Structures are given as structure tokens and as C-alpha cells.
Amino acid sequence: MSDFVQHVPQGDVHVLRLNNPPVNTLRTEIRAGLLAGVNAAKAQGAKAVVLIGAGRMFCAGAEMTEFGKPRQPPSLTEVFDAIEGFPGIVVAAIHGSALGGGLELALACHARVAVAGAQVGLPEVKRGFVPGAGGTQRLPRMIGPEAAAKIIVSGDPIKATEAHKLGVIDAIIEGDLEAGAVAWAKTNIGKTFTLARNRTDKISGQDPAAYDAVVAGLLKRTRGQESPKGCAEAVRASFTMPFEQGLQKERDLFSTLVAGEQSKALRHIFFGEREVLRIPGMPEDAKSLPVERLVVIGGGTMGGGIAMSAANNGVPVTIVEMSEEALQKGLARCHANWERTVSSGRLSQAEYEKRKALLTGSTDFEGTVAKADLVIEAVFENMEVKKQVFARLDKAARPGVVLASNTSTLSIDEIASATSRPELVVGMHFFSPANVMRLLENVRGAKSSWTTIATATEFGKRIGKLPVLVGNCDGFVGNRMTGKRTPQVEKLLLEGCLPQDIDKVMEGYGMAMGPLATGDLAGLDIGAAVRKARGTVAPVADAVVALGRFGQKTGKGWYMYDEKRNRLPDPEVERIILEVAEKMQVRRRKISDEEILDRLLLPMVNEGARILEEGVAYRPIDIDVIFINGFGWPAFRGGPMFWADTQGLKTVRDKLARYAEATNDANLKPTALIEKLAAEGGTFAGMGR
Ligand code: NAD
47 MSDFVQHVPQ GDVHVLRLNN PPVNTLRTEI RAGLLAGVNA AKAQGAKAVV LIGAGRMFCA
107 GAEMTEFGKP RQPPSLTEVF DAIEGFPGIV VAAIHGSALG GGLELALACH ARVAVAGAQV
167 GLPEVKRGFV PGAGGTQRLP RMIGPEAAAK IIVSGDPIKA TEAHKLGVID AIIEGDLEAG
227 AVAWAKTNIG KTFTLARNRT DKISGQDPAA YDAVVAGLLK RTRGQESPKG CAEAVRASFT
287 MPFEQGLQKE RDLFSTLVAG EQSKALRHIF FGEREVLRIP GMPEDAKSLP VERLVVIGGG
347 TMGGGIAMSA ANNGVPVTIV EMSEEALQKG LARCHANWER TVSSGRLSQA EYEKRKALLT
407 GSTDFEGTVA KADLVIEAVF ENMEVKKQVF ARLDKAARPG VVLASNTSTL SIDEIASATS
467 RPELVVGMHF FSPANVMRLL ENVRGAKSSW TTIATATEFG KRIGKLPVLV GNCDGFVGNR
527 MTGKRTPQVE KLLLEGCLPQ DIDKVMEGYG MAMGPLATGD LAGLDIGAAV RKARGTVAPV
587 ADAVVALGRF GQKTGKGWYM YDEKRNRLPD PEVERIILEV AEKMQVRRRK ISDEEILDRL
647 LLPMVNEGAR ILEEGVAYRP IDIDVIFING FGWPAFRGGP MFWADTQGLK TVRDKLARYA
707 EATNDANLKP TALIEKLAAE GGTFAGMGR
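Heads up: the sequence shown begins at 47 in the working numbering, then just goes up one per residue.
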């Protein structure tokens with residue numbers, strides 16, 4: 047018997063323990079071990095088998111690193127056939143998670159028990175494919191096609207207690223799971239359990255039109271992603287086809303989707319989000335400092351959001367403000383935000399009270415900072431102000447405490463120079479709204495120590511963020527790259543586009559929101575102030591702002607808005623654009639969707655390459671992960687650098703060169719890195735491999 051599946055007979059009940067840490071993925075050895083284990087239990091006359099996971103969970107599903115390689119037997123189907131053909135009962139005992147193939151394994155069993163804190167789900171849709179081992183056929187037979195579609199199309203896990211109510215889980219076990227599951231199996235030996243594949247009670251009489259209506263609602267928010275549609279189609283087969291045919295349909299959809307570009311992109315990001323946490327050059331023994339209390343300086347938009355993230359994750363946090371009035375305003379904003387979540391039913395009153403108690407405020411700068419284990423500064427974006435604050439922090443904080451800045455544009459090195467501890471200064475660049483957005487760009491200063499970087503990384507993870515380490519430069523990675531897109535938006539408007547043409551293309555690509563609608567949300571006056579400070583102009587945007595059109599907050603910007611905040615194209619904006627174009631003698635023409643997309647994405651890719659040349663980002667994947675988690679970029683497109691690879695870097699180079707000339711924009715001249723990779727026939731993904 048392999049070490050991967052431990053076989054422990056306990057009288058009539060045989061326990062098979064999946065043992066492939068950390069998450070018991072169903073790699074070849076596990077599948078083989080399960081098949082051998084079930085067959086051995088049968089040969090030894092066992093009346094029941096309990097499948098359980100060793101370590102922290104039952105099973106996280108298929109081993110995705112085996113995808114795309116020649117398949118090694120046995121298949122999961124063979125394992126499931128053995129389970130379903132077992133002469134007694136096979137019971138899955140679930141703790142932690144049963145996800146994807148892990149849940150499908152459990153669904154093939156005669157029964158399932160779980161601890162109350164476990165969760166189950168079929169997240170395949172999020173990796174760009176459909177469950178491929180019967181999940182789309184067995185789950186509907188247990189809980190009905192509409193309920194199954196909700197779980198499978200969203201990919202979101204549900205709690206074991208909810209799964210119990212739905213009928214996926216037969217019993218919730220208290221106390222030790224293995225002992226409880228063995229006892230449960232013993233009492234149920236001899237009872238009849240109808241296998242999911244043989245059940246018809248939940249699928250007969252399903253009205254296809256009612257199913258399609260439910261699915262249409264579920265698919266509304268999935269934009270251009272293919273896998274949710276595939277999931278819905280597979281589940282539909284559960285009530286329109288016999289079981290075996292449904293399985294075949296599911297397998298066909300799986301094979302097509304898994305080989306597609308979208309699934310490759312989603313898996314690129316799935317693995318990438320793990321890879322970015324492995325920081326090149328970080329010594330093995332670099333240790334993060336313990337943080338018992340966070341202090342946030344400034345309780346405005348960002349400070350409040352950062353403090354909420356800490357409290358949401360159980361970390362005591364104090365906001366320091368300049369005046370009692372500003373402090374109360376800041377705290378009230380956090381409370382109101384939580385209260386909205388309570389009213390919407392997404393947060394319990396008890397949890398709200400807990401979070402509220404963790405969040406305190408003070409106007410005593412020195413006294414509060416003296417008690418901090420970590421300080422994150424989020425005051426106004428002004429170098430003089432920041433330097434003053436850091437000089438004061440340096441004096442007030444205990445020696446050895448890390449001082450972080452949430453600046454979005456200023457130099458971390460210059461901020462650090464105001465202290466006597468530059469090695470303990472780091473950027474922690476959160477994104478707005480900071481209590482929601484997962485991305486955290488941690489900015490490494492020239493003198494930041496590994497301990498400091500490890501502390502920013504670990505603390506970011508602890509408060510629910512995805513930290514990506516970047517270098518110190520204007521705008522860091524994300525904002526620096528999107529900054530290169532803005533001039534092209536202005537040019538496209540002049541040359542022939544209207545705001546809705548540009549947003550339609552970007553949203554069609556899968557962006558949460560197009561750049562002009564985003565501008566209206568953030569406020570067009572912000573960009574105007576930046577342009578003023580930098581002495582740059584954007585004739586169209588400036589003309590829009592000059593009319594007091596600042597965006598949603600003034601009721602109109604690039605669009606006009608109705609009372610429900612629906613955006614509508616505005617003839618006045620069209621008139622402004624035409625006027626400016628005429629004044630500047632730009633002849634307007636019809637611009638294709640392809641050109642719009644290229645001219646918005648290629649400048650970002652080019653800047654991304656420059657960022658790699660400079661070492662501001664360690665790897666292309668860091669850039670892709672930043673865009674997926676902080677800029678509304680659709681995960682199924684894999685991020686800007688992945689997109690560039692799919693276009694082919696030779697094409698990228700040629701198009702950049704063409705647009706650099708046509709639009710007279712030196713920024714678009716292909717960087718040396720792109721020239722080199724294009725000449726070699728290389729890709730970003732292949733760099734350093
Ligand atoms: P904000 O104006 O909403 O908040 C700043 C707060 O800091 C104010 O409440 C102010 O009273 C307080 N403050 C100023 N000086 C202080 C001092 N000496 N001691 C204590 N409190 C002080 O600004 P914001 O949007 O929250 O931005 C804060 C920082 O975050 C800036 O550096 C900004 O660049 C950065 N940032 C902002 C965003 C965003 O989208 N707003 C995103 C990322 C980063």
C-alpha cells in the first residue's frame with residue numbers, strides 16, 4: 047500500500063486516509079491508492095469504508111500541475127466506479143475543505159459526513175473549466191439542477207451546515223471526525239443509500255425554461271467568460287440526458303475549456319498568486335516582526351479602509367487624527383460601512399460589535415505611536431507633510447518598529463530619509479476602497495531590510511491582502527502602467543472615438559469598468575489637479591472639467607447620470623470633443639475596436655517591459671497579479687503581460703512601432719526588452735526559465 051493512502055481496518059469499517067500534504071490533491075498516487083484501498087477493503091470483507099483527509103483538509107481537488115501532461119491511470123472515473131460498486135457503504139468524512147475533484151469524490155460515495163466548520167464547493171469555473179469528474183451530474187441529482195447551477199456556476203464554496211440542509215451532507219459530526227465517522231458508518235451498515243447517479247427524484251419534472259431563467263440571472267455578471275456558460279450547459283444535461291450521456295457531455299466541455307486560452311490565463315493567475323509571495327533573494331531566515339497593535343496615521347478615505355481591514359481580521363488598531371472632529375468623522379465612516387454590511391445580511395451584529403471594539407481612535411500622536419508594533423501612514427499626499435510625520439514617528443515609535451507609508455506616488459527613500467531608521471521604512475500601497483481591494487503593493491526602499499519586507503508581507507497577508515513586492519518609482523507598478531494608457535484615451539477621443547466607444551471595448555474585453563466611466567467614479571478633478579501640478583495638458587479632458595463636469599459627484603462627467611446613477615451618453619460631451627478636435631485640426635475617422643484595444647493595452651505592456659528592465663517588478667507574473675487584483679482586470683485574460691504573450695511579442699513590437707510613429711508618442715517605441723524577446727521568438731512567461 048502506498049504512503050499516499052493509508053489503509054487502517056477498524057473491525058467492519060476500514061479507514062482510507064488521503065495523505066498528500068498540504069491539501070491532498072488527487073495526484074496519480076492518490077488515485078491509485080484509493081482504487082487499491084477500496085478493492086482491498088472489499089477483498090477483506092469490510093462492510094463500510096470511511097474516506098478521510100490527513101492534515102488540514104479532506105481534499106482540494108485535482109492536481110493541476112498534471113494537466114496538459116499524458117494522463118496516468120487510474121482515472122478518477124475508475125476510482126469512482128470502484129466506490130460505487132463497493133458491496134457495503136463508502137462514507138466521505140470531510141473537514142477543512144472538499145473542493146473540486148475532492149467534492150466529486152465525496153459525491154460518488156454512498157454518504158457524506160462533515161464537521162460543522164468544513165466547506166464544500168466546485169471552484170472549477172474559476173480556473174476556466176467545468177467539474178470534470180461527474181460533479182455536474184451528481185450534484186443536481188442530489189439537490190436539484192437550479193440549486194446545483196448556483197453552486198457550480200459561481201464556484202463559491204458553501205458551509206457544511208448549509209450543505210447539510212441542502213442534502214449534500216448526511217450528518218454533521220461533533221468531536222473527533224474520524225472516530226465520529228467510523229461510529230456513524232457502523233450504525234449505518236446494512237442500510238440502503240441510493241447512489242447519486244441512480245437518483246431521479248430531484249431532476250424529474252425540472253422545467254427547462256425555469257432552469258434557463260435561473261441560469262440567465264447567474265450568467266449576467268460573468269461578462270465574456272466561457273466557463274460559467276459551460277457549467278450551466280453541463281448541469282442542464284443532468285435533466286435532459288441519461289447519466290452516462292451527461293457524463294460524456296461534461297467530459298467534452300471539460301476538454302474543450304481546459305485547452306482554451308481563458309483557462310490557461312486563469313491557471314496562470316491561480317499559480318501566480320502563490321508565486322508572487324516567493325520573493326526572489328529573500329533569505330530563508332528573514333523573519334517578520336510580531337504585530338499585536340497597528341497604528342494608522344490619518345483616518346481619511348485610505349486610513350479608514352486600512353484600519354477596517356485590520357479589525358476585520360482580528361487585529362487591534364488605533365487611528366490617529368489631527369483633530370477630534372476629523373477623528374470622529376473617520377471612525378463614523380468605518381462604523382457606517384460595517385452597518386451597511388450588517389443591514390445587507392453579510393455581517394452578523396456580533397461580528398460587527400467585535401470589529402468595532404478592535405478599532406479605536408486618538409488624537410494623542412506620541413502616546414499612541416509609542417504603543418505601536420507597526421505604523422501605517424495615510425496622511426495627505428504631500429512630501430513635506432509626509433517627512434514631518436515620519437520624523438515625528440521616528441521619535442515616538444519604539445526602536446525596531448516598522449514605519450510604512452501608503453503613498454501612491456512619492457519616493458519611499460525620500461520619506462525614509464526623514465528618519466533615523468530607513469532600514470525599517472517601507473511602502474505599503476493599498477488600493478481604494480482599502481477594506482475591499484485585495485492588492486497591496488509593498489514598496490521596497492533602497493535601505494528597507496529583509497525583516498521590514500517580511501513584516502510588510504506577513505502583515506498584509508494577515509489582514510486579507512495579496513502583497514506584491516515592487517521597487518520604488520513614481521506610481522510604482524500599477525498606476526505607472528495605467529498612466530501610460532491615459533494619453534491614448536485623450537488621443538482616441540480626438541481622433542474619432544466617443545467615451546462610450548472606448549468603454550464598450552474595454553468592458554467587452556472584460557474590464558469591470560471602462561477608463562472613462564472609472565474617471566467619472568473617481569472624480570475628473572483629481573486628474574486635472576495632477577496635470578496642473580505636472581504642467582501637462584489634456585485638451586479634451588481639460589475642456590470637460592472646465593464645465594464643472596467632475597464625474598458622478600457632480601452628476602455629470604464623461605457621461606450624464608440618471609437618478610439611479612445609470613450612465614448615459616451625453617450630447618454635450620460629443621459637442622466638446624468635436625469642438626476641440628476642430629480647433630486642433632484633427633481629422634476624425636472611424637476607429638476599429640481592435641485599434642482601440644491595442645492602443646489602450648499596448649502602451650501598458652511597453653511600460654510593463656520597462657518596469658521589468660528596471661527591476662521595479664521582479665517577474666512578469668507580479669505585474670499580471672497586480673492588474674487582476676487591483677485594477678479590475680478580468681482574471682480570464684491573465685493580465686497585460688500574459689495578454690501580450692498571447693498576441694505574440696513580434697506582433698506587439700510591430701504594432702507598438704507603428705503606433706509610436708502614427709501617434710507621435712515616444713512612449714510607444716518598443717522597449718529593448720520587447721525588441722529582444724521579439725527577435726528571439728521569446729515570451730514574457732518564458733523569461734528566466
Ligand atoms: P484623505 O484626505 O481622505 O485623508 C487624509 C487624512 O489624514 C485626513 O483625514 C487628515 O486629517 C489626516 N492627516 C493629515 N495629516 C495628519 C497628521 N499629521 N496626523 C494625523 N492625521 C493627519 O486622503 P486619502 O485619500 O486617504 O489618502 C491618504 C494617502 O493614501 C495619500 O498618501 C494618498 O496618496 C494615498 N492613497 C490614496 C488612494 C486613494 O484612492 N484615495 C489610493 C492609494 C493611496
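Every residue, glycine too, gets a C-beta built ideally from N, C-alpha and C. Nothing here was measured: the structure is a model prediction, and the numbers come from that model.
Say the cut is 7 Å; is the CB of residue i nearer than that to a heavy atom of ligand 1?
i	result
A424	yes
E427	yes
E811	This structure gives no information on residue 811, because the portion of the chain shown stretches from 47 to 735.
F239	no
M103	no
F113	no
F682	no
S478	yes
S143	no
V363	no
V431	yes
T347	yes
F126	no
A10	Past the edges of the chain, shown from 47 to 735, lies residue 10, and the structure says nothing about it.
T453	yes
I343	yes
F505	no
H475	yes
F411	yes
G376	yes
D576	In the sequence on display, residue 576 carries Val and not Asp. V576: no, Cβ never under 7 Å from ligand 1.
V435	yes
CB-CB under 6 Å to residue i, same chain, minus the five flanking residues each way: which ones, in chain order?
i	result
A194	L185, P186 and V281
M47	Here M47 scores only 47 on pLDDT, less than 50, and its place in the model should not be relied on; the value that follows carries that caveat. Correct list, in chain order: H53.
N70	L64, G99 and C105
A558	G678
P615	Q546
A731	D691
G473	S451, I458 and V489
A231	V59, A94, V96 and V137
E224	I98
Leaving out five residues before and five after residue i in sequence, what residues of the same chain have Cβ atoms less than 7 Å from its Cβ?
i	result
V619	P545, V590 and W604
K375	none
D520	T455 and R526
F50	N65, N66, E75, I76 and G79
A108	T71, L72, G146 and G147
D247	none
Can you tell me which residues form a DSSP beta bridge with residue i?
i	result
P513	L486
P326	BP columns for P326 are empty, so no partner.
L62	H53 and L97
A138	L97 and R158
H475	E487
M606	K602 and L614
Q165	S143 and K205
C105	A144
I461	I461 pairs with nothing; no bridge assigned.
V342	I365 and I422
Identify, in the order they occur along the chain, each residue of the same chain with its Cβ nearer than 8 Å to the Cβ of residue i, setting aside the five sequence neighbours on each side.
i	result
A92	P55, D58, V59, H60 and G134
F436	E423, L449, S451, I461, A462, A464, T465 and V471
A718	E659
V260	E192, A195 and K196
A443	V415, A416, A418, V421 and L449
A256	E192
Kindly confirm or deny that the segment 491–511 and the segment 303–319 touch, where touching means at least three C-beta pairs closer than 8 Å.
no
Taking 8 Å as the threshold, find out whether the segment 689–703 comes into contact with the segment 644–661 through three or more Cβ pairs.
yes
Does the pairing of the segment 553–568 with the segment 512–519 give three or more beta-carbon distances under 8 Å?
no
Check whether the segment 296–308 touches the segment 193–213, taking contact to mean three or more Cβ pairs, one atom from each stretch, closer than 8 Å.
no
Three or more C-beta pairs under 8 Å: does that hold for the segment 251–260 against the segment 657–672?
no
Below 8 Å, how does it come out for the segment 332–348 and the segment 356–374: are there three or more Cβ pairs, yes or no?
yes
Would you check if there are 3 or more beta carbon pairs closer than 8 Å linking the segment 264–277 to the segment 207–226?
No: fewer than three Cβ pairs fall under 8 Å.
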